[in-house]
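Colleague: Okay, so the sequence shown: first residue is 4 according to this note's numbering, each after it adds one.
All C-beta atoms, glycine included, are put in the ideal place defined by N, C-alpha and C.
The structure presented is a predicted model; accordingly, all values stated were derived computationally and were not measured.
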Amino acid sequence: MLENDVERVSVIIPTRNRHTHLTLCLSSLLNQNFKDWNLVIANDGDEDLEEVHLLRGIFNLLELKGHRWKIIATSHSGQGGALNVAHRVAEADLILRIDDDAYLEPDYIELLFRSLDDEKIGAVGGNTPNVYHSKGKLTQLSKEFREWGGKIVFKGSYFVPYERQSLLPEPDEQPYEVDQLRGHFLYRKKVLDEIGGFPLVYSQMGRREDTDTSLRMKMAGYRLLVVPQAIAWHIHSPFGGTRDGIDSSNYKRYLQMEEDDLRLFEDRMWGWIREGLKEKVKIVIPDEFEKLRRLRYRLKRLTTRGSDFKTSLEIINLKRECLIPLNDQEVLYLLLSKVLTLKERDEIVGGDRL
Numbered sequence: 004m005l006e007n008d009v010e011r012v013s014v015i016i017p018t019r020n021r022h023t024h025l026t027l028c029l030s031s032l033l034n035q036n037f038k039d040w041n042l043v044i045a046n047d048g049d050e051d052l053e054e055v056h057l058l059r060g061i062f063n064l065l066e067l068k069g070h071r072w073k074i075i076a077t078s079h080s081g082q083g084g085a086l087n088v089a090h091r092v093a094e095a096d097l098i099l100r101i102d103d104d105a106y107l108e109p110d111y112i113e114l115l116f117r118s119l120d121d122e123k124i125g126a127v128g129g130n131t132p133n134v135y136h137s138k139g140k141l142t143q144l145s146k147e148f149r150e151w152g153g154k155i156v157f158k159g160s161y162f163v164p165y166e167r168q169s170l171l172p173e174p175d176e177q178p179y180e181v182d183q184l185r186g187h188f189l190y191r192k193k194v195l196d197e198i199g200g201f202p203l204v205y206s207q208m209g210r211r212e213d214t215d216t217s218l219r220m221k222m223a224g225y226r227l228l229v230v231p232q233a234i235a236w237h238i239h240s241p242f243g244g245t246r247d248g249i250d251s252s253n254y255k256r257y258l259q260m261e262e263d264d265l266r267l268f269e270d271r272m273w274g275w276i277r278e279g280l281k282e283k284v285k286i287v288i289p290d291e292f293e294k295l296r297r298l299r300y301r302l303k304r305l306t307t308r309g310s311d312f313k314t315s316l317e318i319i320n321l322k323r324e325c326l327i328p329l330n331d332q333e334v335l336y337l338l339l340s341k342v343l344t345l346k347e348r349d350e351i352v353g354g355d356r357l
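Next comes the structure, spelled out in structure tokens:
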């Protein structure tokens with residue numbers, strides 16, 4: 004490669020205080036069959052990565068093998084913010100977005116690059132099996148086969164992005180088109196610029212950031228592909244990375260942020276549906292969808308105006324049908340409803356309202 008040439012692929016990795024995972028990730032990057040790439044690391048943490056002993060050797064190897072690399076400080080910007088900074092700095096027309104806890108098989112970039120052969124294809128992803136571990140020991144490999152084929156599934160009160168994947172693909176399994184991508188994918192820089200970049204509306208966890216981004220590419224008229232032979236192992240860790248600051252000591256905060264991100268994604272999905280998303284994306288909605296929508300609308304009206312005990316029970320039953328958890332008071336009302344008459348219940352609770 005000539006000195007002034009730009010590599011065909013820029014690899015961007017957001018990371019925060021997760022040096023062991025990043026070292027493994029970069030090691031797998033150095034072993035790629037496809038060599039024409041440069042690297043941008045978005046350091047969202049507190050330490051100077053070039054001073055981390057574990058990473059020094061990796062950075063030396065990058066230089067010895069002729070790969071240009073740079074580290075950009077992103078000052079606790081979270082997942083979306085760190086990715087946007089790295090995206091702007093990346094020079095290539097094609098950008099591979101991976102997390103710091105990914106371990107790429109040697110042919111990963113090569114397979115994705117070969118499949119991105121049509122300007123109408125906005126992004127290409129691969130197979131991402133999860134590897135779960137605890138205290139340094141392998142505990143589980145994810146072996147589920149998800150049948151929805153990269154569609155968005157409405158599950159009770161959530162939109163859930165599914166991807167079709169198994170632990171290992173069949174030898175002759177061909178690339179297939181999907182409506183959303185998860186985790187790591189190779190995309191055209193101009194396409195992300197066109198849709199406004201990675202989303203900044205989610206928490207520092209960035210839950211659903213990848214789904215949100217790829218869905219907007221699809222809505223803009225671009226195709227999305229999955230290459231099942233391209234494998235990036237996800238060395239699963241519930242904490243750390245751009246989620247740093249969330250650990251077992253404040254697990255409730257982690258759960259709340261996850262819940263908030265899921266609800267935000269749901270709200271954005273409803274907005275996109277109203278704009279005609281269903282014409283471009285195969286959202287899998289069960290037959291009872293319209294019934295559920297009516298139930299939730301009725302529930303919202305009942306809860307805003309207050310109710311007597313009888314209507315409180317109606318609210319409780321609606322919440323149960325909508326798969327919405329009950330609070331302690333509602334559980335008490337439900338128990339009372341099974342042993343007392345309506346008149347007796349109203350006398351006991353004194354006309355309390357939910």
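1. Just reading off the beta strand (DSSP E) that residue 180 is part of, what are its end residues?
2. Quick test of the definition: if touching needs 3 or more C-beta pairs under 8 Å, does the region 63-79 touch the region 179-197?
3. In chain order, which continuous runs of the beta strand (DSSP E) of length 3 or greater are located wholly inside the region 55-143?
4. With DSSP collapsed to three states, give me the class of residue 13.
5. Thinking C-beta only, is residue 17 closer than 8 Å to residue 85?
6. Taking 8 Å as the cut-off, decide whether the C-beta atoms of residue 221 and residue 227 are in contact.
7. Residue 199: which of 56, 90, 29, 52 sits nearest, CA to CA?
8. Is residue 95 near residue 9, with beta carbons less than 8 Å apart?
9. Tell me whether residue 22 sits in a helix, a strand or coil according to DSSP, three-state version.
10. Terminal residues of the continuous alpha helix (DSSP H) containing residue 218?
11. Below 8 Å CB to CB, which residues in the same chain sit around residue 290 once its five sequence neighbours on both sides are set aside?
12. Residue 273: buried (16+ other C-beta within 10 angstroms of its C-beta) or exposed?
13. Within a Cβ cutoff of 8 Å, which residues of the same chain sit near residue 105, ignoring the five residues on either side of it in sequence?
14. What is the residue span of the alpha helix (DSSP H) that residue 194 lies within?
15. List the endpoints of the continuous beta strand (DSSP E) containing residue 226.
16. Shortest alpha-carbon distance to residue 53 belongs to which of 210, 25, 110?
17. Kindly say whether residue 199, judged by its beta-carbon, lies nearer than 8 Å to any beta-carbon of chain C.
18. Please determine, among 34, 122, 176, 214, the residue with the shortest C-alpha to C-alpha distance to residue 224.
19. Can you tell me whether residue 188 is helix, strand or coil according to DSSP?
20. If I follow the unbroken beta strand (DSSP E) through residue 36, where does it start and stop?
21. Who are residue 43's beta bridge partners in DSSP?
22. Can you look up residue 30 in the DSSP assignment and give me helix, strand or coil?
23. Measure from the alpha carbon of residue 13 to the alpha carbon of each residue in 120, 44, 263, 93, then state which is nearest.
24. Does the separation of the CB atoms of residue 99 and residue 65 fall below 8 Å?
25. Measuring straight from C-alpha to C-alpha, what distance separates residue 267 and residue 67?
26. Can you give the beta carbon distance from residue 128 to residue 202, rounded, assuming they're within the 8 Å contact cut?
27. From residue 176 to residue 51, what distance separates their C-alpha atoms?
28. So what's residue 203 in DSSP terms, helix, strand or just coil?
29. Taking 6 Å as the limit between beta carbons, can you name the residues of its chain near residue 110, skipping five residues before and five after?
30. For residue 49, count neighbouring Cβ atoms within 10 angstroms of its own Cβ and tell me buried if that reaches 16, exposed if not.
31. Where does residue 269 fall in DSSP's three states?
Modeller: Taking the structure as given:
1. Looking at the DSSP string, the run of the beta strand (DSSP E) that includes residue 180 is 179-181.
2. No, because fewer than three Cβ pairs between the region 63-79 and the region 179-197 fall closer than 8 Å, the two stretches do not touch.
3. For the region 55-143, whole beta strand (DSSP E) runs of length 3 or above, ordered along the chain, are 72-76, 97-100, 105-107, 124-130, 133-137.
4. Residue 13: strand per DSSP, three-state reduction.
5. Closer than 8 Å, so yes.
6. For the 8 Å CB-CB criterion, residue 221 and residue 227 form a contact.
7. For the set 56, 90, 29, 52, the Cα lying nearest the Cα of residue 199 is the one of 90.
8. Taking 8 Å as the Cβ cut-off, residue 95 and residue 9 qualify as a contacting pair.
9. Residue 22: helix per DSSP, three-state reduction.
10. Judged by DSSP secondary structure, residue 218 falls within the alpha helix (DSSP H) whose first and last residues are 212-222.
11. Its pLDDT being 47, under 50, residue 290 is placed unreliably by the model, and nothing is read from it.
12. The residue in question, residue 273, is exposed, as its Cβ has fewer than 16 Cβ neighbours within 10 Å.
13. Cβ neighbours of residue 105 beyond the five flanking positions: 28, 31, 131, 186, 187, 235, 236, 237, 238.
14. In the DSSP assignment, residue 194 falls within the alpha helix (DSSP H) that extends over 192-198.
15. Residue 226 -> beta strand (DSSP E) spans 226-239.
16. Residue 25 is the option with its Cα nearest to residue 53.
17. Protein chain content of the structure displayed is limited to a single chain, and chain C is not contained in it.
18. Taking residue 224 as reference, the option from 34, 122, 176, 214 with the minimal CA-CA separation is 122.
19. The answer is strand: DSSP assigns residue 188 an E or B state.
20. Segment: none, residue 36 is in no beta strand (DSSP E) and carries neither H nor E.
21. Beta-bridge pairing links residue 43 to 15, 73.
22. DSSP, read as helix, strand or coil, puts residue 30 in helix.
23. Looking at 120, 44, 263, 93, the one whose alpha-carbon comes closest to that of residue 13 is 93.
24. Going by C-beta atoms, residue 99 is not nearer than 8 Å to residue 65.
25. For residue 267 and residue 67, the distance between alpha carbons rounds to 45 Å.
26. Not confirmed; about 17 Å, so no contact.
27. Straight-line Cα distance between these residues: approximately 43 Å.
28. It is coil, neither helix nor strand.
29. For residue 110, where only same-chain residues beyond five positions count, the Cβ hits under 6 Å are 36.
30. With fewer than 16 other beta carbons inside 10 angstroms of its own, residue 49 counts as exposed.
31. The answer is helix: DSSP assigns residue 269 an H, G or I state.
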